[in-house]
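Undergrad:
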């Protein structure tokens, strides 16, 4: 099938290293590595604007062979037709797929710090993609293989295992933060703007004293939260590291810059025009994370889909609550738009919450009995819903965004899914699994 | 004549949103909001005008505004 150069490559040698290696071979190689990250071993690099030619030239150094989609009719390039090429460039999308050997030669890994003058914008691992049912069985097989290898070697593997987790006991944090591995994280979300589009915030709540807050109302009422929903979701995403007294830690991005958009009234209602205006404001302010614990049981709406696409193109990730319509209810809007990350809810036993909607789900997070801030004089309270799961994802996204300026938009989306803890439930229920802090 | 209602009009980024907004206004839309970052125009008009809106270059979708409701204050269960 090697249409371009039928001769086997020399140098780094075998076909395993070329970019045209088949998916089955990649899977076998991953299993042999005991690698449960779902990484294929190949890398996706994107080029900086205007740096396409420089990028291709950089890939072609050190005698590496680069295939170009433009050399194929209608740019319809099939990976089994690139022969022994080390990398394949897709000029229309400004990206290239780099084989394992070439990535090694060029020193490109997901952790690569790119120089300011590099022609590459991002370097991310390529991940396996599976149809729903296959993924579930595959992951289960993979998890059990990893467990076996780990037992054989008598050591903890790179991934998460149940025994390992049982030993993590963090006092003074909510079950949700512990499940998301927030307390051991060294990140705080410092410098990351997090927009929460909701019913507002109790601006006088002592847990938010001294915090950097930018606020705007889109419903004609002051942003002061007289409902409680917004104060609760902001608490989870952005609340303090050490609340007073014996109150457990319930907030994730404790040094984030809070963008508080009131798009729902104190009665808890709003309309798409105001919600979209809030999204517009958050994107205009280039908030890398936009959290939306709201929705309606409608099919996907064109405006939300467009807004999500615009957000991603400007480095902003929108996460939204799937909804509480239960096992027979489909994900609502805006979470059902393909450009918006849908969040499902988990119970404390890490099983899907009975109320959590199903269908288009990207990721799951704690949503049952979530303890967080509510307006004074009550100050703290417990709520349940995918609304409560969503700010767990937003908070963790802010921590990830702090780890690298390249983790924005789709790259941040991919990172959240790639690092999620796999759960033994279908992707239509929990997506990639339980969100994890870096 | 149909009564006025709010419309969420999704537009293409291929054409300046200000031009599309001007055409919509000329076609009978009362402009309420131009959201350039998300590519959406919000306005008010009778339902019988929407075919005219859809014919304007750059207009991708015209949908009635919908409501969002997360439930009453202090509810332990939400959206």
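Chains as they are written, first to last, in the working numbering: chain A, 6 to 443; chain B, 557 to 635. Backbone N, C-alpha and C define an ideal beta-carbon position, used for all residues, glycine too.
(1) By the 10 Å Cβ neighbour count, where 16 or more other Cβ atoms means buried, how is residue 354 of chain A classified, buried or exposed?
(2) Could you give the distance in angstroms between the alpha-carbon of residue 575 of chain B and the alpha-carbon of residue 610 of chain B?
(3) Counting only Cβ pairs nearer than 9 Å, list the residues of chain B close to residue 445 of chain A.
(4) Quick check: residue 294 of chain A and residue 199 of chain A, are their CB atoms within less than 8 Å of each other?
(5) Do residue 421 of chain A and residue 398 of chain A have their C-beta atoms within less than 8 Å of each other?
(6) Please confirm if residue 387 of chain A has its CB atom under 8 Å from at least one CB of chain B.
(7) Check whether the Cβ of residue 612 of chain B lies closer than 8 Å to any Cβ atom in chain A.
(8) Label residue 570 of chain B either buried or exposed according to how many other C-beta atoms from any shown protein chain fall within 10 Å of its C-beta, with 16 as the threshold for buried.
(9) Quick check on the DSSP output: what are the complete beta strand (DSSP E) runs of length 3 or more inside the stretch 173-256 of chain A, in order along the chain?
(10) Going by DSSP, name the residue or residues bridged to residue 72 of chain A.
(11) Applying a beta-carbon distance threshold of less than 7 Å, which residues of chain B neighbour residue 285 of chain A?
(12) Going by CA-CA distance only, name the one from A/360, A/273, A/401 and A/114 that's closest to residue 192 of chain A.
(13) Can you list, in chain order, the residues of its chain with a C-beta nearer than 6 Å to that of residue 178 of chain A? Leave out the 5 residues immediately preceding and following it.
(14) So residue 309 of chain A and residue 366 of chain A are supposed to be a Cβ contact under 8 Å. How far apart are they, rounded?
(15) Classify residue 129 of chain A as helix, strand or coil using the three-state DSSP reduction.
(16) Bridge partners for residue 561 of chain B per DSSP, in chain order?
(17) Is residue 617 of chain B helix, strand or coil by DSSP?
(18) Between residue 598 of chain B and residue 607 of chain B, is the Cβ-Cβ spacing less than 8 Å?
(19) Could you round the C-beta distance between residue 312 of chain A and residue 624 of chain B to whole angstroms and report it? I think they count as a contact, below 8 Å.
(20) Would you mind stating whether residue 202 of chain A and residue 322 of chain A have Cβ atoms separated by less than 8 Å?
(21) Is residue 380 of chain A buried or exposed, if buried means 16 or more other CB atoms sit within 10 Å of its CB?
(22) Pull the bridge partners of residue 433 of chain A from the DSSP assignment, please.
(23) Just how far apart, CA to CA, sit residue 582 of chain B and residue 225 of chain A?
(24) Using a Cβ cut-off of 8 Å (strictly closer), state whether residue 561 of chain B contacts chain A.
(25) Between the C-alpha atoms of residue 230 of chain A and residue 270 of chain A, what's the straight-line distance to the nearest angstrom?
(26) Counting along the chain, where does the beta strand (DSSP E) carrying residue 427 of chain A start and finish?
(27) Tell me which residue opens and which closes the beta strand (DSSP E) that residue 122 of chain A is part of.
(28) In the stretch 273-336 of chain A, which residue ranges form an unbroken alpha helix (DSSP H) of at least 4 residues, counting only runs that do not cross its ends?
(29) Specify the secondary structure class of residue 159 of chain A as computed by DSSP and reduced to three states.
(30) Grouping DSSP H, G and I as helix and E and B as strand, with all else coil, what is residue 47 of chain A?
(31) Going by DSSP in three states, residue 593 of chain B sits in which element: helix, strand or coil?
(32) State the Cα-Cα distance for the pair residue 30 of chain A and residue 89 of chain A, rounded to the nearest angstrom.
TA: So, to answer that:
(1) Taking the first residue of the first chain as position 1, residue 354 of chain A is located at position 349. It is exposed - the Cβ of residue 354 of chain A has fewer than 16 other Cβ atoms within 10 Å.
(2) Against the second chain, residue 575 of chain B aligns to sequence position 19. Against the second chain, residue 610 of chain B aligns to sequence position 54. Their backbone Cα atoms lie some 15 Å apart in a straight line.
(3) With chain A running from 6 to 443 in the structure shown, residue 445 of chain A is simply not present.
(4) In the first chain, the residue the question calls residue 294 of chain A occupies position 289. In the first chain, the residue the question calls residue 199 of chain A occupies position 194. Yes, the Cβ-Cβ distance between residue 294 of chain A and residue 199 of chain A is below 8 Å.
(5) As a first step, residue 421 of chain A must be located in the first chain, where it is residue number 416. As a first step, residue 398 of chain A must be located in the first chain, where it is residue number 393. Taking 8 Å as the Cβ cut-off, residue 421 of chain A and residue 398 of chain A qualify as a contacting pair.
(6) Against the first chain, residue 387 of chain A aligns to sequence position 382. Chain B contact via Cβ: present.
(7) Taking the second chain and counting its residues from 1, one reaches residue 612 of chain B at position 56. For residue 612 of chain B, the answer is no, since every Cβ of chain A falls outside 8 Å of its Cβ.
(8) Within the second chain, numbered from 1, the residue matching residue 570 of chain B stands at position 14. Exposed, since its Cβ has fewer than 16 Cβ neighbours within 10 Å.
(9) If we require 3 residues or more, the beta strand (DSSP E) runs fully inside the stretch 173-256 of chain A come out as 198-203 and 218-222.
(10) Locating residue 72 of chain A in the first chain gives position 67, counting from the first residue. Answer by DSSP bridge pairing, in chain order: A/93.
(11) Taking the first chain and counting its residues from 1, the one referred to as residue 285 of chain A is at position 280. Residues of chain B passing the Cβ test: 591, 593 and 594.
(12) Residue numbering aside, residue 192 of chain A sits at position 187 when the first chain is read from its first letter. In terms of Cα proximity to residue 192 of chain A, the closest of A/360, A/273, A/401 and A/114 is A/401.
(13) Indexing the first chain from 1 puts residue 178 of chain A at position 173. Counting only Cβ-Cβ distances below 6 Å, and skipping sequence neighbours, we find 188, 253 and 254.
(14) Taking the first chain and counting its residues from 1, one reaches residue 309 of chain A at position 304. Taking the first chain and counting its residues from 1, one reaches residue 366 of chain A at position 361. Contact between residue 309 of chain A and residue 366 of chain A is ruled out by a C-beta separation of about 16 Å, above the 8 Å threshold.
(15) Counted from its first residue, the first chain places residue 129 of chain A at position 124. It is a strand residue.
(16) Sequence index remark: in the second chain, residue 561 of chain B carries index 5 (1-based). DSSP output for residue 561 of chain B lists B/601 as bridge partner(s).
(17) To locate residue 617 of chain B, count along the second chain from 1; it is residue 61. Reduced to three states, the DSSP call for residue 617 of chain B is strand.
(18) Here residue 598 of chain B refers to the residue found at position 42 when the second chain is read from its first residue. Here residue 607 of chain B refers to the residue found at position 51 when the second chain is read from its first residue. In terms of Cβ geometry, residue 598 of chain B and residue 607 of chain B do not form a close pair [threshold 8 Å].
(19) Position 307 of the first chain, counting from 1, holds the residue named residue 312 of chain A. Position 68 of the second chain, counting from 1, holds the residue named residue 624 of chain B. The Cβ separation is near 14 Å, so there is no contact.
(20) For this step, residue 202 of chain A is matched to residue 197 along the first chain. For this step, residue 322 of chain A is matched to residue 317 along the first chain. The Cβ atoms of residue 202 of chain A and residue 322 of chain A lie no closer than 8 Å to each other.
(21) For the purposes of this step, residue 380 of chain A is taken as the residue at position 375 of the first chain. With 16 or more Cβ atoms within 10 Å of its Cβ, residue 380 of chain A is classed as buried.
(22) Here residue 433 of chain A refers to the residue found at position 428 when the first chain is read from its first residue. DSSP output for residue 433 of chain A lists no bridge partner at all.
(23) Reading the second chain from its first residue, position 26 is the one you call residue 582 of chain B. Reading the first chain from its first residue, position 220 is the one you call residue 225 of chain A. Across the structure, residue 582 of chain B and residue 225 of chain A are spaced so that their CA atoms are roughly 28 Å apart.
(24) As a first step, residue 561 of chain B is located in the second chain; it is residue number 5 there, counting from the start. With 8 Å as the cut-off, residue 561 of chain B does not count as an interface residue toward chain A.
(25) For this step, residue 230 of chain A is matched to residue 225 along the first chain. For this step, residue 270 of chain A is matched to residue 265 along the first chain. The straight-line gap from Cα to Cα measures roughly 9 Å.
(26) By 1-based counting over the first chain, the position of residue 427 of chain A is 422. In this chain, residue 427 of chain A is not harboured by any beta strand (DSSP E), its DSSP state being neither H nor E.
(27) For the purposes of this step, residue 122 of chain A is taken as the residue at position 117 of the first chain. Residue 122 of chain A: not part of any beta strand (DSSP E); DSSP gives it neither H nor E.
(28) Entirely contained in the stretch 273-336 of chain A, the alpha helix (DSSP H) runs reaching 4 residues are, in chain order, 277-289 and 307-318.
(29) One-based indexing of the first chain puts residue 159 of chain A at position 154. Confidence in residue 159 of chain A is poor, its pLDDT being 47 and thus under 50, which makes the residue's placement unreliable; the coordinate value appears in the next sentence. DSSP places residue 159 of chain A in coil when its eight states are reduced to three.
(30) In the first chain, residue 47 of chain A corresponds to position 42, counting from 1. In this structure, residue 47 of chain A counts as strand in the three-state DSSP scheme.
(31) Numbered from 1 along the second chain, position 37 holds the residue referred to as residue 593 of chain B. Per DSSP, reduced to three states, the secondary structure at residue 593 of chain B is coil, with no helix or strand assignment.
(32) As a first step, residue 30 of chain A must be located in the first chain, where it is residue number 25. As a first step, residue 89 of chain A must be located in the first chain, where it is residue number 84. In a straight line, the C-alpha of residue 30 of chain A is about 15 Å away from that of residue 89 of chain A.
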